[in-house]
Each structure stands twice: as C-alpha cells, then as structure tokens.
Amino acid sequence: MTTILKTTHLNKFYRLGGLVKRVRINALDDVNLTVQSDKPVIISLVGESGSGKTTLAKVILRLIKPTSGSAVIYDQVVAGEGAIPSRKTFLNTLQPIFQNPFEAFSAYRTVDSYLQKTANRIGHKTNLETSDALGEALNSVGLKHADVKGKYPNQFSGGELQRVSIARALIPKPKIIIADEPVSMVDASLRMNIINLFLSLKEVYKTSFLYITHDLATAYYVSDYIAVMYRGTIVEFGNARAILSQPQHPYTQLLLDSIAGTNRKWERKTYKASDMEAKEFQFSGCRFRNRCPLAKDLCKEQRPPAVLQNDGREVYCHFVDQT
Amino acid sequence: MIRLNNIVATYSTVRGQVNAVDGVDLAIPNGNIVGIAGESGCGKSTLLKIIYGDIIYPLALSRGHIDYGIESNKGEITTKDIQQYWFKRISYIPQSSMSSLNPVVRIRQQFLDFLEPRQNKKAILEEIRDYVKGLDLPPEALDAYPHQLSGGMRQRIMVAMGTFFKPDIILADEPTTALDVVVQKGILLLLMDIQEQMKNTILFVSHDMGVHYQISHKMLIMYAAKVVEFGDSDSVFKASLHPYTKMLIEALPTIGDAHQREGVSGRPPSLWDNLVGCRFAARCPFATELCKTEEPAFIEHQPGHFAACHHVDKVRQA
C-alpha cells in the first residue's frame, strides 16, 4: 500500500492584531488525514470559505510553513518536520493547478513559454524533446500543440486556459496534482469537461488528485475520498459517496441541505447564518457548537475526537449516534 | 409588464462596434422572478444594464426601446429618465457588495443617500431600522462599516437597500456567486420571501442552473447575444425546447446520481465575426444544413414558451 496522503497533527496558526490585542487564528487545527491505496485516487477537500482548505493545500505545496506537524505525499514527507530537501523530487511528485487560469499566466507571455520552461526544468534540453513533451501533455488534455503555440492568455476561453494549465502540471508526470478550486472560474457549461478530464487522467496516466472545492455535487461525481472541513478542523472524512449520500456530522448535513440542486425544491423556513466567524476559530470545544442543533455542555468543553464508524469514515462529533 | 422591443446594445471599442445584445424582443409579465442564464460573454449583464438605464459610453442602445409599464407623475417611465427612479421604482443588487458599498462611510449613512435634502432623516432612519429588523438582520449592522460585516451580511444589507422602497423592478446580477452554499441559501430564501410579500418583478442573473431551479418562476436563456429560450421555469426544466438549455441542465451533476455527465464542448462564436444562421449550430448535435444558413426565429411553440430553434420537435423527443 502506498500512502498517498497523510497529515499528522498538522497545525497552522496565524496571529492577527497589533501589540496590545493579539488574536490567534488556528487556520489548521490538528488535522489528521490518512489515505492509503495502490490505485490512484481523487481526494476532495470541501468546506466554506475560511474553513482552512486552501491553507492545507498551501502547506502541502510548501507555499507556507506549518506551525507544527507534517504532511506525507506518496511516502515522502513534503512539509513540516523532516521534509525532503530536494526541490526537484518535490516538483516531480506533486504539481499545482490554481483557481483562476487568467491570473496563473502572465498576460504578456505566451502560454507555451510556461510549458517550455517546465519541460526544460525536468531535463528536456533540445527543441525536439521539448516539443514532444509539450505535444504529449497537450494531447492528453484534448488540445493540439499548434493551437496553443505563440498564443497569449486572452486568446483562450477560461475552460481552454485551465486545460493548458493542467497540461503544464502534467509535463513532469507528477504522482498527484493539487487542484485548488480548478473549476469555480470556469463556466458551468464547460465545468464538466474539466471534471471528466480529471477522471480520464486518473485512468490513463494514474495521476491522483487533491481536489479542493466548495461544490459538493462535483465532489460527489469525481472523488473516492472526501474530507469536510469547518473552521480549521476536519469534521468528517471517509468514502465520498457514503458521506455525501448519508452524512453523519451535523455540519455535513447542513451543507448538503443548502445545495441548490435540481432534484427537489427547498423547504421554506427561516434560516440562521453564522455571524461570529472569527470567534469560532478560538472555540476550545467543538467549533460548530453555536450552530449545531445537538450541542450540549460537553461540546463546549471538549474537542470531539475522531469516531470511527463501521464503513470506515471518521466523524468528529460527540453525539454521532444521535444524528 | 416589461416589454423589450428589439433591443440592440452596442459597445464601441478600438476594433470597431460589437453588439453584445443583438435583437432581444420579448415581454416579461409582472410579479415573477425571472432567471437569466447563459455563459460569460453572452450578454446577460449588458441586458441588465440596458434595462437599468445605466447606458454610458462605450455602451449604447443602438436600436429598440423598453416599455417598463411603470407610470410616474410625469407619465410613462423611459430608459432616458429612469435614472431619477433608481432604487425607488427600479433597483439593482450587484455581485460584489464589497466594491459597491463605500468603505469609509457607515452603512446607515449609505442608506440615507437616496433621500432628498428636505426629508426628515431621523424618522426615515427609524423606518430603516424597523425594516432591517423585519428581515431578521441585526439592526446594529447599520452602525457598522462595510468591512466589519461578513460577506453574507453585507449582501443581505444590499438586499435590504435594494428592496427598502418596494421598487417595481429589482435587477440582481449574480448576487450570490461569491458566497458559500449555506450563506447563499439564506440570501435566496430572503429574496423569495420579499418577492412574495411585495410582488415585484426580479430579474435574476446567475449561471448556476441549480439556483434557478430553486427560485425562478420564469427562465430566460441567452446564447451569444441572443435569447434562445424563454418560458415558465417548470416547463423549461422539464421539457426544454432549445438544445443549449438541455445541455446546460444535463451538465449539472447531482448528489446520489453518479452516471456520466457531459459538458457542452466547444466555445461560443466570436461576436466580431459575421454570424450567419443559428449561433449555436457549431456545438449542436441536432444541427443540419438549414441551421448553418438560416437564423431560427424566436417563436412561441407552446403557450408562454418561446424558443429559437429549427428542430424543436427533435429536441423535445431526445
């Protein structure tokens, strides 16, 4: 079994405020995730904005340093204590794709120059080798080298440009691609093309994905595993289909209930939103307790531990048997 | 009833003129939430701007006119004088509340911006407080600066501002796109409640078909500067007449249903080109030679259900 993703007691604290009044925001608070498999997998990380999902991605991509703990990708420690020092091995193991393709590429450079740089970096020195590598990567995302050559970002649609950025990530043949909200800037009609591309890359190139999103419907469609985050903590983690069809944590239930789907209309009842986001980060007990219908005194005092369920999922709730 | 009479909206650019809305001709009955959907660049925001009367260079209304069906004491309102009635008879809820509210002025002061100088500020402010309380918002939010509120709360304030004067028409341009699902649901339910009480017409732009399914009474689908389908939400979702609408709905994944979904492949035509025939033909599975040469007319196929397609029967059966 390969350890595809493992985080051990991963913490990231931010300090806000001046000298007099300081606030500590636990953007990642004791995150423990383990995914082991022999086959490539798609892991989804879902939650609302400010839940820490992008922070987790940044830690794994070594864009920020964790306060404590470590992260393992494909049996190699990539962040935190004992991280592998070589940048080359790191970049050959994982590659990022970002949310907005128009910001990922400079408007003043041709997009294929980015692909060339990446190819040169991994050792393709001659022109022929580089153009072969580019052609192969672009073919695998359904584009032709001739269509891309010499073009600037404004000559592409959002969906096409996102494909180019996926092609760039594929050139070093990484084991896993970290995709941070890859389709939220892409039109709804083109979104499924990108999502289907992930599935086919997983089949053909055996690439795993860490798919960060707030769109639960696409997460259900593509992923094998799902981790639901709330205010820096994991609330539910396990098999994606099982969790999204039968959520057990009250927060996952709330999230699913809020999706604007086309299978049934919403019940019309009044609805209370959270208005104390910053404070919730400092809660010592369960961070969902002031919105939770099941909250009791215990939730105020103690952080809920991971409760292992029969189907292998972990639910971080004191009263999971009542949900 | 808002009647759009053959609207053509043109942007002037260094490359020349381009029609972002090209011949929209339809009547929108009063008291409905009308969902407007389509991909970016199809002209949905431009259409809203024209209806709002926010027509400044480089945008121009080069052909057609709008009958709002709203009487004022000076007679029927037109696109030229509608600016005087902004927020009183017609209001606008933007996508980004952070860039719409003034960051250095308290919210309550921004509410008072609409007042004429001689009106009694204190009495109005009391009214505003009551109104905001009625919408289940904390009245203290009025005393805050925009940055002190969360994104969802700011957007609720925008909804409160847009509806305070009970306007006849509300234009909402992707008001929840930047928000999380939980917050989004709260705001949409608020908007639906307000609409039920005030019976105003809301034009709601969003590219999320799931949102439209939840709130819209009528659907208007745009593609490459044209309206391709218009009708009751129920019949548009259950029995779409245009292949583009059908593909938009089918591209949407649902939880509990894992069968293979296909997006709409290809891209819309450039509006700079000389467009002949149906603009969707290049991406359409039903396209024939006829579609490439002759533009389909926008006609009523069933009572209240319009579409612009040569092959409506084939789409219905598929």
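The listed protein sequences derive, respectively, from chains A and B. Using the working numbering, you'd call the opening residue of the first sequence number 1 and step up by one each time. Using the working numbering, you'd call the opening residue of the second sequence number 1001 and step up by one each time. Cβ atoms here follow ideal geometry from the backbone N, Cα and C, with glycine treated the same way. Since the model is a prediction, treat every value here as computed from it, not as a measurement.
| Check | Outcome |
| --- | --- |
| Cβ neighbour criterion (16 or more within 10 Å) applied to A/Pro174 | buried |
| Short CB-CB distance (under 9 Å) between B/Leu1252 and chain D | Annotation note: the requested chain D is absent from the structure, which comprises protein chains A and B. |
| Distance between B/Arg1279 and A/Thr110 (C-alpha atoms, nearest Å) | 30 Å |
| Under 7 Å (Cβ pairs) to chain A, residues found in the stretch 1199-1229 of chain B | His1207, Asp1208, Met1209, Gly1210, Val1211, Tyr1213, Gln1214 |
| Residues bridged to B/His1305 (per DSSP) | B/Gln1302 |
| Best match in A/Ile212, A/Ala217, A/Lys269, A/Gly285 for proximity to A/Gly52 [C-alpha to C-alpha] | A/Ile212 |
| Identity of the residue in A/His124, A/Ile122, A/Gln116, A/Gln155 nearest A/Leu138 by Cα | A/Gln116 |
| Interface flag, A/Asn193 vs chain B, CB-CB below 9 Å | yes |
| Limits of the alpha helix (DSSP H) - the one that A/Leu61 falls within | First-last for A/Leu61: undefined, no H or E at that position. |
| Cβ neighbour criterion (16 or more within 10 Å) applied to B/Leu1052 | Looking at the sequence itself, residue 1052 of chain B is Tyr, so the reference to Leu does not match. Burial call: buried. |
| C-beta contact flag for B/Ile1202 and B/Arg1156 at 9 Å | no |
| One or two residues paired with B/Trp1086 in a DSSP bridge | B/Ile1090 |
| 9 Å Cβ cutoff met for A/Ile331 and A/Thr93 | Residue 331 of chain A lies beyond the stretch modelled for chain A, which goes from 1 to 323, so this question has no answer here. |
| The beta strand (DSSP E) enclosing B/His1065, as first and last residue numbers | 1059-1067 |
| A/Phe281 versus B/Pro1296: straight-line alpha-carbon distance, rounded | 57 Å |
| Between the CA atoms of B/Pro1285 and B/Ser1240 - distance to the nearest angstrom | 15 Å |
| Test: A/Gly17 CB closer than 9 Å to a CB of chain B | no |
| Cross-chain neighbours of A/His214 in chain B, by beta carbon under 8 Å | Asp1180, Val1181 |
| Proximal residues of chain A, C-beta to C-beta of B/Arg1261 below 9 Å | Met192, Ile195, Asn196, Tyr221 |
| Min CB distance B/Leu1271 to chain A below 9 Å | no |
| Pair within 9 Å by beta-carbon distance, A/Asn196 and B/Gly1263 | yes |
| Cutoff 7 Å; reference A/Val148; Cβ partners in own chain excluding five residues on either side | Val111, Asp112, Leu138, Val164 |
| Assigned exposure category for A/Asp382 - 16 Cβ within 10 Å defines buried | In the structure displayed, chain A extends from 1 to 323; residue 382 of chain A sits before or after that span and is not available. |
| Inter-stretch contact at 8 Å, needing at least 3 Cβ pairs: the stretch 232-249 of chain A / the stretch 1161-1168 of chain B | no |
| Straight-line Cα distance separating A/Ile42 from A/Gly82 | 26 Å |
| Delimiting residues of the beta strand (DSSP E) encompassing A/Phe102 | It is not in any beta strand (DSSP E) - A/Phe102 instead sits in the alpha helix (DSSP H) that spans 101-104. |
| Own chain, CB closer than 7 Å to B/Glu1294, minus 5 neighbours either side, in chain order | Gly1277 |
| C-beta neighbour in chain A for B/Gln1184, strict 9 Å | yes |
| Secondary structure of B/Val1315, DSSP reduced to three states | helix |
| A/Ala179 - containing beta strand (DSSP E), residue span | 176-180 |
| Residue range of the unbroken alpha helix (DSSP H) whose run includes B/Thr1293 | 1289-1293 |
| Those runs of the beta strand (DSSP E) which lie wholly inside the stretch 1124-1191 of chain B and span at least 3 residues | 1169-1173 |
| Buried or exposed (CB count within 10 angstroms, at least 16 for buried), B/Ser1045 | buried |
| Contact the stretch 1268-1277 of chain B vs the stretch 1244-1260 of chain B: 3+ CB pairs below 8 Å | no |
| Length of the line joining the Cα atoms of A/Lys265 and A/Ser258 | 11 Å |
| Neighbouring residues, chain B, relative to A/Ser258 (Cβ below 9 Å) | Asp1180, Val1181, Val1182, Val1183, Gln1184, Lys1185, Gly1186 |
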